[in-house]
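Comments concern the structure below.
Protein chains: 2
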Amino acid sequence: MINGRRFWGWGRDSDDPFREGLPALKAMMASRLNVSTFTELPPPRLEDIDLPTPRWAPPRKLDKLFSQDPFERAAHTYGKAYRDVVRGLMGDFRVAPDAVALPGDEAELVRILDFCQERRFAVIPYGGGSSVVGGVEMRGLDPARFRGVVSMDLRRLDRVIEIDEISRAARIQAGIFGPALEEALRPRGLSLRHYPQSFEFSTLGGWLATRSGGHFATLHTHIDDFVEALRVITPKGALETRRLPASGAGPAPERLFLGSEGALGIITEAWMRLSARPRFRASAEVRFSDFLRGAEAARRLAQSGLYPQNCRLLDAGEALNSGAGDGSASLLLVAFESADHPLDALMSRALEICRDAGGEAPPGAGKTRETREGEREGAAGAWRRMFLHMPYLRDALITLGMVVETFETAISWDRFEAFYTEVLSATRGAAVEVCGQALITCRITHVYPDGAAPYFTVLAPCRSGSGVRQWDEIKAAASEAILRAGGTITHHHAVGRDHRPFYDRERPDLFASALTGAKRALDPRGIMNPGVLV
Amino acid sequence: MINGRRFWGWGRDSDDPFREGLPALKAMMASRLNVSTFTELPPPRLEDIDLPTPRWAPPRKLDKLFSQDPFERAAHTYGKAYRDVVRGLMGDFRVAPDAVALPGDEAELVRILDFCQERRFAVIPYGGGSSVVGGVEMRGLDPARFRGVVSMDLRRLDRVIEIDEISRAARIQAGIFGPALEEALRPRGLSLRHYPQSFEFSTLGGWLATRSGGHFATLHTHIDDFVEALRVITPKGALETRRLPASGAGPAPERLFLGSEGALGIITEAWMRLSARPRFRASAEVRFSDFLRGAEAARRLAQSGLYPQNCRLLDAGEALNSGAGDGSASLLLVAFESADHPLDALMSRALEICRDAGGEAPPGAGKTRETREGEREGAAGAWRRMFLHMPYLRDALITLGMVVETFETAISWDRFEAFYTEVLSATRGAAVEVCGQALITCRITHVYPDGAAPYFTVLAPCRSGSGVRQWDEIKAAASEAILRAGGTITHHHAVGRDHRPFYDRERPDLFASALTGAKRALDPRGIMNPGVLV
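Same order as they appear, the protein sequences are chains L and B.
My numbering numbers the first residue of the first sequence as 1 and each following residue consecutively.
My numbering numbers the first residue of the second sequence as 535 and each following residue consecutively.
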């Protein structure tokens, strides 16, 4: 058992805030989407599902490093995309791995990898399993090429090995989960300050392999920016980069592995840059009658050089859904934080910029507050709980037979308005055609001087038949529109197998050739997460 | 002729501030280093040097795209390292390229590249030729493998093609020089704000291929950070990345080419992120009795989240040499700039941090000044002129028979003191052994939350015999110490051929294999800058 987690979806039964709340959720859907009948998908029991028989048994000398326990195999079959949860709820575990490998240290990991290479088994690196892009699933594998599939779970490599308080950095094993990582750093007054929505059930290694997007809305938006050095085990051996604050010596080696999604090797450790835990905070909500006006304010803020730690724009629907607004206006959440200095000068200029762009903020908004360790003021704390509860909500909606999808991208400011309009309209068109009706909302999660990262949420009632097919159609229409209008197929959700056809069109062909060349050098038998990247 | 530039060293005769000042320089060396006799190396005349006969003549259909003019060939023989200038002064041009290619557009560049591939000629991409690491020199080429050598000069690809004022970005050809680039952006109120010491005679393409370090001492320290998209011509064809503010779709394609030093292809264009030209400036000089105390202040500033645009620490010798101090104390130059807001709150906290760390700044230092376009206040303007004149000074010292070297690196803060001591002592030891005496100074050019980039200058009188050999010995001792003590062989000067043996030790072997795989895919015949990178 992995910490009492569900094998078919997000989190733990015991933590699910919607467990008893389905009637309320039904009522909300009935009013927001005018849905009256729900094709419910109740969670399966482990004993009711069919798992394929493993094609092989671990040899005795490696016996302790593998599990073929049905729960483990079921729980490692999918990530956490809509299509994953639906298949889990329907008891479809046909692509379960033959075994889950559980190395306790790097030497064991190497032994497992050697064994898999020798036996021609595909290896899927597995952190928290929170991929929403089919990154950890053995889809469409050629059985003639691979005689078996191993899910390599890093969860036992979960230690903070060394903390350097002077440089504010730590050497950390890749299998550590978000909360344990922060727990280990807290006594030193330090923090990685990386809070993806999957924070509770995702790992440092997963964040690195997928270029996870995090806490900061400006400046250091991706986990990439906090990497000092990486250690990677490839089928050809170990590779470790030098711990450096910066270097200009050749192409940055870490960048080849950030975003490689397990296809070049397994990240086992990283030296990560940390921050002091913030002491001063200032936050404000600015109302805009119109989303595009809010986006214009976000652009000016992003170009101001103020670098607010938060600069998130919710459209009216997002504001309503998240409880931050009443649905009549867009909200720009602006926040600064610092371990070093009060934030009044920065916030006051930020609010001036927002007001100049047509935003409304109450007088006196955004005062600096000094916070004590552990304290989280009301609104921000509520938002954070809400933010981390979203995956539970998503799964609850799926059990009610709703089609739910979130997708995100990035685009330069000059094309923002046209892009937003086109993606919204294509997605709405597809969702209405497929599901009859849909609620589509948008927020901007990260902003840059030269562009923004919009994030869309689609909620639609599943028509009878396959929700997966309906989801696939909406997803394809949205992805097509993103590529056509000049965006990227993902700003921080990664590529996996779901985005692969679109990624292949976005990526220059010759860069694909270069990656293929690199992969051949590190993984000559092609056993690492086949189907991903190249 | 290329803009009246010297074929043997830096810049133009007409701009050389030391042209008439050699007696003063001699006097200074006599007093600082106690040198009385100078083994002068007077600049050669073009007609006095021997150039090898070109091994081939361009075919008629490509005739206009090549030059075999002696001046062009001589000027493209070397970069601008000490060892390059000495060899130039001594009239040693044995490794001159057979021809200089001068494509006027990308189609011409492709024709030249195809021709070189077919004829098995090595191709060295050439921007401003300011490499100080042997990046553009045909050293040690196997004549059996290559039948000729072409220096591909990008100087005719020198246009700003498109400016996007909304996203603050521009599409720019790689062959443009620093001053022309800023000239083209100024009417729109924009700037790339990238001012390496080579600014006058280096190009955007060169900056990108070598991961040039620039204006900003914190945050966006390298040109890498301003790249939105790249266009690269490889022997296998063209590759263009999508213009995006950010993406998480696979390993970042731009990062493979940033730092590739021409070994994977030729960067022909880039979309670059720009800034608005600053309107507010604030700067202050803080005195420290001791360099390491100054470094401690720099560390606290780097970790404060204030992100000063300048945060450069000069040791007492650097301060004296640059005219910023009297040689009795270290100086920390702290400056903020903004196009958006006054800087008093930031500067006042920065000075508080410096004073807490033992620094002295006059009361009232660092007030925000509003500057008009084109205006440059006294001290900063003088520093900038001085900064850009340094290469002329270096060459003037070489003609006086001095051994001059600058090298730079980066190291995390926890190891800073030990590193600094070890590198200084190893360099001093080698320089004294080789040259009898030496003046060695250090400054910190860039700071990070987790470390710093120290920059060393070595000045020693050349003993009779080969200055190049003496330089090589000092360089090797310094480089050894850097690697041994945990640093990087270069923070922003690149690798080229001079740093290659040390780079090979710093770089993980398996990353070298991956790069080799990538190179094979893009440059199967290995004609691109052979000897560099892999």
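Where a beta carbon is used, it is the ideal one built from N, C-alpha and C, also for glycine.
Judging by CA-CA distance, which residue of the options is the nearest neighbour of residue i?
i	options	result
Glu574/B	Leu934/B, Glu942/B and Glu1014/B	Leu934/B
Gln68/L	Val150/L, Arg12/L and Cys116/L	Val150/L
Pro42/L	Pro54/L, Met29/L and Trp8/L	Trp8/L
Ala476/L	Ser464/L, His492/L and Arg500/L	Arg500/L
Leu931/B	Ala630/B, Leu559/B, Asn855/B and Ala899/B	Leu559/B
Asp158/L	Ser130/L, Gly148/L and Asp105/L	Asp105/L
Ser664/B	Trp590/B, Trp741/B, Leu726/B and Ala608/B	Trp741/B
Val458/L	Gly486/L, Tyr448/L and Ala426/L	Ala426/L
Ser817/B	Asn568/B, Leu885/B and Ala804/B	Leu885/B
Thr210/L	Ile527/L, Val495/L and Pro52/L	Val495/L
Arg689/B	Val657/B, Val634/B and Arg679/B	Val634/B
Gly429/L	Pro44/L, Gln470/L, Val95/L and Leu274/L	Gln470/L
Asp584/B	Pro592/B, Leu636/B, Met562/B and Asp626/B	Asp626/B
Leu596/B	Pro637/B, Ala986/B and Met1062/B	Pro637/B
Asp618/B	Val694/B, Val1068/B and Val1002/B	Val1002/B
Pro677/B	Gly661/B, Arg1031/B and Phe655/B	Phe655/B
Ile697/B	Leu724/B, Leu764/B, Asp759/B and Arg681/B	Leu724/B
Glu939/B	Glu606/B, Lys598/B, Arg815/B and Val620/B	Val620/B
Got a sec, what are the start and stop residues for the beta strand (DSSP E) residue i sits in?
i	result
Leu866/B	Ser864 to Ser872
Leu264/L	No beta strand (DSSP E) contains Leu264/L, which DSSP labels as neither H nor E.
Val423/L	First-last for Val423/L: Phe416 to Cys435, but that is the alpha helix (DSSP H), not the beta strand (DSSP E).
Ala994/B	Gly985 to Pro995
Leu522/L	Looking at the DSSP string, Leu522/L is not in any beta strand (DSSP E); the run it does join, the alpha helix (DSSP H), is Asp509 to Leu522.
Ser817/B	Phe814 to Phe822
Ser846/B	According to the sequence as given, residue 846/B is Arg; it is not Ser. Its beta strand (DSSP E) spans residues Asn844 to Leu848.
Leu244/L	Where Leu244/L is concerned, there is no enclosing beta strand (DSSP E), given that its DSSP letter is neither H nor E.
Ile978/B	Leu973 to Tyr982
I'd like the span of the alpha helix (DSSP H) that includes residue i, first residue to last.
i	result
Leu301/L	Phe291 to Ala302
Ser565/B	Leu556 to Leu567
Leu880/B	Asp878 to Asp890
Arg73/L	Pro70 to Ala75
Tyr1037/B	Arg1034 to Glu1040
Arg545/L	No answer is possible for residue 545/L: it lies beyond the span of chain L, which begins at 1 and ends at 534.
Glu405/L	Premise fails: Glu405/L lies in the beta strand (DSSP E), Met402 to Glu408, not in any alpha helix (DSSP H).
Glu254/L	Pro253 to Phe257
Asp1006/B	Gly1001 to Arg1018
- prompt: Which residues, in chain order, does the segment 1017-1041 of chain B contribute to contact with chain L at a C-beta distance below 8 Å?
  reply: Gly1020, Gly1021, Thr1022, Ile1023, Thr1024, His1025, His1026, His1027, Ala1028, Val1029, His1033, Tyr1037, Glu1040 and Arg1041
message: As an exercise, report each continuous alpha helix (DSSP H) stretch of at least 4 residues that is fully enclosed by the segment 689-776 of chain B, in chain order.
response: 712-719 and 738-744
- request: Taking 8 Å as the threshold, find out whether the segment 290-301 of chain L comes into contact with the segment 858-869 of chain B through three or more Cβ pairs.
  value: no
- prompt: Would you say the segment 138-145 of chain L touches the segment 167-181 of chain L, given that touching needs at least three Cβ pairs under 8 Å?
  reply: no
- request: Evaluate the contact criterion for the segment 387-398 of chain L versus the segment 6-21 of chain L: three or more CB pairs, one atom per stretch, below 8 Å.
  value: yes
- request: Identify each residue in the segment 396-419 of chain L for which the Cβ-Cβ distance to at least one residue of chain B is less than 8 Å, and report them in chain order.
  value: Ala410, Ile411, Ser412, Trp413 and Asp414
query: Between the segment 253-266 of chain L and chain B, which residues of the former have CB atoms less than 8 Å from a CB of the latter, in chain order?
result: Pro253, Arg255, Leu256, Phe257, Leu258, Gly259, Ser260, Glu261 and Leu264
task: Could you list the residues in the segment 724-756 of chain B with a C-beta less than 9 Å from some C-beta on chain L, going in chain order?
output: Thr744, Arg745, Ser746, Gly747, Leu753, Thr755 and His756
- request: Go through the segment 92-164 of chain L residue by residue and report every complete run of the beta strand (DSSP E) that reaches 3 residues or more, in order.
  value: 99-101, 121-126, 148-153 and 160-164
- prompt: Of all the residues that make up the segment 832-847 of chain B, which are near chain L by a beta-carbon distance shorter than 8 Å?
  reply: Arg833, Gln837, Ser838, Gly839, Leu840 and Tyr841
task: Return the residues of the segment 982-1015 of chain B that lie within a Cβ-Cβ distance of less than 8 Å from chain L, sorted by chain order.
output: Tyr982, Pro983, Asp984, Gly985, Ala986 and Ala987
task: Quick one: which residues of the segment 231-248 of chain L get their C-beta closer than 7 Å to a C-beta of chain B? List them in chain order.
output: Thr234, Lys236, Gly237, Leu239, Glu240, Thr241, Arg242, Arg243, Leu244, Pro245, Ala246, Ser247 and Gly248
- prompt: With contact counted as at least three CB pairs below 8 Å, one residue from each stretch, are the segment 254-272 of chain L and the segment 328-347 of chain L in contact?
  reply: no
Proximal residues, the segment 144-155 of chain L versus chain B, C-beta separation under 7 Å: none
- prompt: Would you call the segment 638-657 of chain B and the segment 612-629 of chain B touching, i.e. three or more CB-CB distances under 8 Å?
  reply: no
query: In chain order, what residues of the segment 693-714 of chain B put their CB closer than 9 Å to some CB of chain L?
result: Asp698, Glu699, Ile700, Ser701, Arg702 and Ala703
task: Could you tell me whether the segment 561-573 of chain B touches the segment 991-1007 of chain B, using the rule of 3 or more Cβ pairs below 8 Å?
output: yes
- prompt: How do the segment 953-971 of chain B and the segment 1016-1023 of chain B stand: do at least 3 beta-carbon pairs fall below 8 Å, yes or no?
  reply: yes
message: Does the contact criterion of 3 or more C-beta pairs under 8 Å hold for the segment 172-184 of chain L versus the segment 358-369 of chain L?
response: no
query: Is the number of C-beta pairs between the segment 714-725 of chain B and the segment 312-321 of chain L that are closer than 8 Å three or more?
result: no
query: Using 8 Å as the Cβ pair cut-off and three pairs as the minimum, do the segment 194-204 of chain L and the segment 969-979 of chain B touch?
result: no
query: At a cut of 8 Å, does the segment 295-312 of chain L reach the segment 243-254 of chain L through at least three beta carbon pairs?
result: no
query: Counting Cβ pairs closer than 8 Å, one from the segment 499-516 of chain L and one from the segment 430-439 of chain L, do we hit at least three?
result: no
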